[in-house]
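Residues 44 to 385 (this note's numbering) make up the sequence shown, in order.
Don't be surprised by glycine CBs; every beta carbon is placed ideally from N, CA and C.
This one's a predicted model, so the numbers in the text were calculated from it and none came from an experiment.
Each remark here refers to the structure printed beneath this line.
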Amino acid sequence: MKWGIFLIVFLLLVPAVPIRAAGCQFDVSPSSISLNPPEPIIDVPERIYFTINHNCPFDVEGSVQFFVDGTPITFKAFSVKQNGKPDEMWTSWTPHGAGDHTFSVRIASEGAPADLEKPPEIKLPLFIDLDTDHDLVGNRIDLDDDNDQVLDTQDQFPLDPTRSKDTDGDGIEDTVDSDDDNDGLYDVEEVKLGTDPLKRDTDGDGVGDKEDAYPLDPKRSKVPPPPAPAPAPRPTPPPAISHVSKSQIVSKIVSNQTKVIEIPAEIIPVPVVDQPVFETITIPEPTIVQKEKVSMSESPASSSSSWISAILKTFMENRWLLGVIVVGLGAAGGFFWLSKRE
44 MKWGIFLIVF LLLVPAVPIR AAGCQFDVSP SSISLNPPEP IIDVPERIYF
94 TINHNCPFDV EGSVQFFVDG TPITFKAFSV KQNGKPDEMW TSWTPHGAGD
144 HTFSVRIASE GAPADLEKPP EIKLPLFIDL DTDHDLVGNR IDLDDDNDQV
194 LDTQDQFPLD PTRSKDTDGD GIEDTVDSDD DNDGLYDVEE VKLGTDPLKR
244 DTDGDGVGDK EDAYPLDPKR SKVPPPPAPA PAPRPTPPPA ISHVSKSQIV
294 SKIVSNQTKV IEIPAEIIPV PVVDQPVFET ITIPEPTIVQ KEKVSMSESP
344 ASSSSSWISA ILKTFMENRW LLGVIVVGLG AAGGFFWLSK RE
């Protein structure tokens, strides 16, 4: 639109370019040149309107030629009568090549007197616009170039109707991007967590949502370190040793008339514990000790009994002696019997 206004102002300021002859002139006034649509759009047919003024006492024929960047685009032949009224004319043109260009107008006449002055070429700036959404409104003045209902000022893809926003700038439109803010968390995950899928750092603490242990708390972001492990328990000292004699553990005396079995009172270490400890203790073989029987008063009967017991004891312990005596007695008896027979 601003280029159309600029073109109109320029045409008003540029004086008419007359073709002069003695006592007459005719011209194409720049102010009379206009375009419809006023903002040329690429590949959209355009009309160029212009007016020829003249007051010559003779008829004049010729053509008005139009150029873009020096290349002819169209022309319009004219024929004006002497002392005629202004003649409004138009011609058509289809713009090609979007961008800034130079629009120029040249007038050529036929059959004019030799002293008829030829006007200089008229040059005007021209901008040919695009129309992405084909709504006949050029992109330069269209507030929504791709007609996706998102204003260009908010559309990161203003020329693509299928895309409008790319939050993380990765070239993938948010509607098809599984991670709009590129924070490493899928959008569906952020919905569950309550974080903003369009913000890499929801709580604004400088730590991305994925790395933030507390993504909704700006005052903290890291999990406190676990407490130091408790020191290993000190080894239990060995139980105290108490010296106990074997005679205190096993105390058994076997007595009879002549002998006593004794357990030597050897000192051995025994652990002292709170609970019973089952331990095999090897006890030395008992030693048989012969002891004399002491009596304050002994009767003959008890003395004979002791004597007999001693003899029996001797025979029991030395049975071979008993055998010898028996054999000897047998032999003596035999001799005695034989002697009696003789």
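9 Å Cβ cutoff met for residue i and residue j
i      : j      : result
LEU173 : THR145 : no
LEU241 : LEU228 : no
SER135 : GLU89  : yes
ILE184 : GLY140 : no
ASP203 : ASP195 : no
PRO261 : ASP252 : no
ASP220 : ASP211 : yes
ASP189 : PHE200 : yes
ASP209 : ASP222 : no
PRO81  : VAL87  : no
Nearest-angstrom beta carbon gap, residue j and residue i [assumed within contact, 8 Å]
i      : j      : result
ASN96  : PRO73  : 12 Å between Cβ atoms; not a contact.
ALA256 : SER264 : 6 Å
ASP244 : LEU259 : Contact flag wrong, Cβ pair sits at about 11 Å.
SER207 : ASP191 : 5 Å
Nearest candidate by alpha-carbon position, reference residue i, set the options
i      : options                        : result
SER75  : GLU82, PHE93, GLY227           : PHE93
GLU149 : ASP112, GLN108, ASP188         : With the sequence shown as reference, residue 149 is identified as Arg, and Glu is not the correct amino acid for it. Here the closest residue by C-alpha is GLN108.
GLY113 : ASP209, ILE165, SER352, ALA275 : ILE165
ILE91  : ASN98, VAL111, GLU104, CYS99   : VAL111
ASP226 : THR238, VAL369, GLN197, GLU216 : THR238
SER147 : PRO269, PHE378, ILE354, LEU169 : LEU169
TRP133 : ASP143, GLY127, PHE118, GLY142 : PHE118
ASP102 : ASP246, LYS253, ILE85, GLY127  : GLY127
CYS99  : ILE85, GLU82, ASP70            : ASP70
LEU78  : PRO115, PRO138, SER106         : PRO138
ILE85  : ASP143, SER106, VAL193         : ASP143
VAL266 : PRO276, GLU254, ILE215, GLU232 : GLU254
PRO83  : PRO163, ASN182, SER152         : ASN182
Three-state secondary structure assigned by DSSP to residue i
i      : result
LYS128 : coil
ASP366 : It should be noted that the sequence gives Gly, not Asp, for residue 366. In the structure shown, GLY366 sits in a helix (DSSP, three-state: H, G or I).
THR175 : coil
GLU104 : strand
SER152 : strand
ASP143 : strand
ASP195 : helix
PRO73  : helix
GLY249 : coil
ALA256 : coil
THR114 : strand
ASP239 : coil
LYS166 : strand
VAL123 : strand
GLU89  : strand
THR94  : strand
SER382 : helix
SER349 : helix
LEU202 : coil
THR357 : helix
LEU372 : helix
SER338 : The pLDDT assigned to SER338 is 46, lower than 50, so where the model puts this residue is not dependable; a value taken from the coordinates is nonetheless given after this. If DSSP states are grouped into helix, strand and coil, SER338 belongs with coil.
ALA64  : With a pLDDT of 48 at ALA64, under the threshold of 50, the modelled position of this residue cannot be trusted; read the value that follows with caution. The answer is strand: DSSP assigns ALA64 an E or B state.
Any chain C beta carbon closer than 9 Å to residue i
i      : result
ALA271 : No chain C is part of this structure, which consists of one protein chain only.
contact_flag[the segment 177-192, the segment 118-134] where n(CB pairs < 8 Å) is 3 or more: Contact fails: fewer than three Cβ-Cβ distances are below 8 Å.
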